[in-house]
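Below is one structure; the comments refer to it alone.
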Amino acid sequence: MFRLIVLLLARIAVRGWRPNQWPALARRLGRIALRARPKRTRAGCARLAAYGTRGRSVSPEQALLGITSTYLEESLLYAGLDRSPDFRPAIEMEGIDDVVADISSGRGVLLWTAPQIMLPLLVRLIGADAGWPLVHLRHWSHGGSGTRFGVRFINPFGMRVEDRYAEHIVISHAGPTAAVREVGRRLTRGAVVQFNGAALAGTPRRLRLFEGEMRLTVGAPRVALRNGAALFGVTASRERAGGGFRVRFERFLDAASPVRALDRDDPRIDACVERF
Numbered sequence: 000m001f002r003l004i005v006l007l008l009a010r011i012a013v014r015g016w017r018p019n020q021w022p023a024l025a026r027r028l029g030r031i032a033l034r035a036r037p038k039r040t041r042a043g044c045a046r047l048a049a050y051g052t053r054g055r056s057v058s059p060e061q062a063l064l065g066i067t068s069t070y071l072e073e074s075l076l077y078a079g080l081d082r083s084p085d086f087r088p089a090i091e092m093e094g095i096d097d098v099v100a101d102i103s104s105g106r107g108v109l110l111w112t113a114p115q116i117m118l119p120l121l122v123r124l125i126g127a128d129a130g131w132p133l134v135h136l137r138h139w140s141h142g143g144s145g146t147r148f149g150v151r152f153i154n155p156f157g158m159r160v161e162d163r164y165a166e167h168i169v170i171s172h173a174g175p176t177a178a179v180r181e182v183g184r185r186l187t188r189g190a191v192v193q194f195n196g197a198a199l200a201g202t203p204r205r206l207r208l209f210e211g212e213m214r215l216t217v218g219a220p221r222v223a224l225r226n227g228a229a230l231f232g233v234t235a236s237r238e239r240a241g242g243g244f245r246v247r248f249e250r251f252l253d254a255a256s257p258v259r260a261l262d263r264d265d266p267r268i269d270a271c272v273e274r275f
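And the structure:
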């Protein structure tokens with residue numbers, strides 16, 4: 000129900016608030032959302048507290064508000080793009096020339112996006128504007144609402160927006176095998192494929208994050224090595240409060256000959272994970 004309310008509010012809000020007002024609006028709505036669900040808020044703060052605050056001055060409450068506000072701003076961005084498909088937030092890019100050079104060479108390129116809110120959508124917009132043959136690996140549930148109602152009625156809204164900017168290969172209920180094979184075929188034909196680092200399919204690696212841990216799928220470096228594709232790690236940051244985004248592309252692997260017999264513990268995979 001919460002996601003449905005957010006979706007409806009976002010569709011209304013984009014008609015009355017300018018894009019540069021969305022961050023402040025999202026933060027205001029975020030405070031309301033956290034107060035309206037005190038039990039969930041306490042649980043979220045407890046989970047964030049488990050990560051520790053090593054070298055940070057942000058409290059769990061502030062961190063949860065930031066996460067909630069960013070999620071709400073993402074909903075505003077989706078609603079804005081649904082209303083005006085040509086709308087674009089301000090995006091600065093770092094390392095994009097290396098990506099363009101590999102695409103121009105005709106070799107496959109795999110973009111491994113960090114599990115950050117809004118980043119996959121920003122990459123879709125970048126690829127669409129640049130004319131890349133972009134293909135995104137999408138989970139059957141879309142990764143949004145996990146309820147039966149949400150998968151059927153809420154998630155298709157985001158999927159409709161995304162389909163305007165990239166082609167999608169879907170990980171089915173049966174697992175990722177067929178989708179990953181199709182990704183390999185696309186890479187050998189020079190496609191640009193976007194993988195999300197979130198653990199939506201496959202066996203994830205558990206990595207230390209401050210005093211806690213995060214889960215990260217390592218399918219991207221495996222697929223890149225097996226198909227001889229270049230691999231780039233993609234992360235995003237906010238330039239300033241209420242400002243645009245900076246999307247950074249960092250080369251992890253050069254395009255090379257395919258590695259058909261890839262060892263599970265290949266050191267190149269571990270090196271990519273560490274850099275990511």
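Heads up, the sequence shown is in numbering that gives the first Met the number 0, so the first residue is 0 and it goes up one at a time.
Cβ coordinates follow ideal geometry from the N, Cα and C atoms, glycine included.
Touching by the beta-carbon criterion (3+ pairs, under 8 Å), the segment 106 to 116 and the segment 143 to 163: Using a Cβ-Cβ distance cut-off of 8 Å, the segment 106 to 116 and the segment 143 to 163 are not in contact, since fewer than three pairs of beta carbons, one from each stretch, lie closer than that value.
Selected residue, minimal CA-CA separation from I95, among F248, R14, A9 and A89: For I95, the nearest C-alpha among the options comes from F248.
Identity of the residue in G29, I116, R151 and V182 nearest T234 by Cα: For T234, the nearest C-alpha among the options comes from I116.
Cβ contact check for the segment 69 to 76 and the segment 15 to 26: 3 or more pairs under 8 Å: Touching, yes.
Cβ distance (whole Å) where A39 is taken to contact L64 below 8 Å: With the sequence shown as reference, residue 39 is identified as Arg, and Ala is not the correct amino acid for it. Incorrect: roughly 13 Å between the Cβ atoms, too far for contact.
Under 8 Å between C-beta atoms of I102 and W131: Yes, Cβ-Cβ distance for I102 and W131 is below 8 Å.
When R259, R207, R250 and P18 are compared against Y50, the one with the closest alpha-carbon: Answer by Cα proximity: R207.
Best match in P119, R41, V192 and G79 for proximity to A62 [C-alpha to C-alpha]: Checked all of P119, R41, V192 and G79; the closest Cα to A62 is R41.
Beta carbon of R259 nearer than 8 Å to that of R221: No.
DSSP three-state assignment for R267, whether helix, strand or coil: The answer is helix: DSSP assigns R267 an H, G or I state.
Residues bridged to R214 (per DSSP): Beta-bridge pairing links R214 to R205.
Residue range of the beta strand (DSSP E) that includes E72: From DSSP, E72 is part of no beta strand (DSSP E) but of the alpha helix (DSSP H) over P59 to R82.
Same chain, Cβ closer than 6 Å to P59, five either side skipped, listed in chain order: Within the same chain, P59 has close Cβ partners C44, L47 and A48.
Distance between beta carbons of E238 and E91, contact taken as under 8 Å: Contact holds; Cβ gap of about 7 Å.
Straight-line Cα distance separating V108 from A190: A190 and V108 have their alpha carbons spaced roughly 7 Å apart.
Distance CB(V182)-CB(I168) smaller than 8 Å: Against a cut-off of 8 Å, the Cβ pair of I168 and V182 comes out as a contact.
First and last residue of the uninterrupted beta strand (DSSP E) at A229: For A229, the enclosing beta strand (DSSP E) has its first and last residue at A229 to R237.
Per-residue DSSP class, three states only, for Q193: In the three-state scheme derived from DSSP, where H, G and I count as helix and E and B as strand, Q193 is classed as strand.
Extent of the continuous alpha helix (DSSP H) to which F1 belongs: Its alpha helix (DSSP H) spans residues F1 to G15.
C271 and F244 closer than 8 Å at C-beta: Taking the C-beta atoms as reference points, F244 is found no nearer than 8 Å to C271.
Exposed unless 16 or more other CB atoms sit within 10 angstroms - verdict on F194: Buried: at least 16 other Cβ atoms inside 10 Å.
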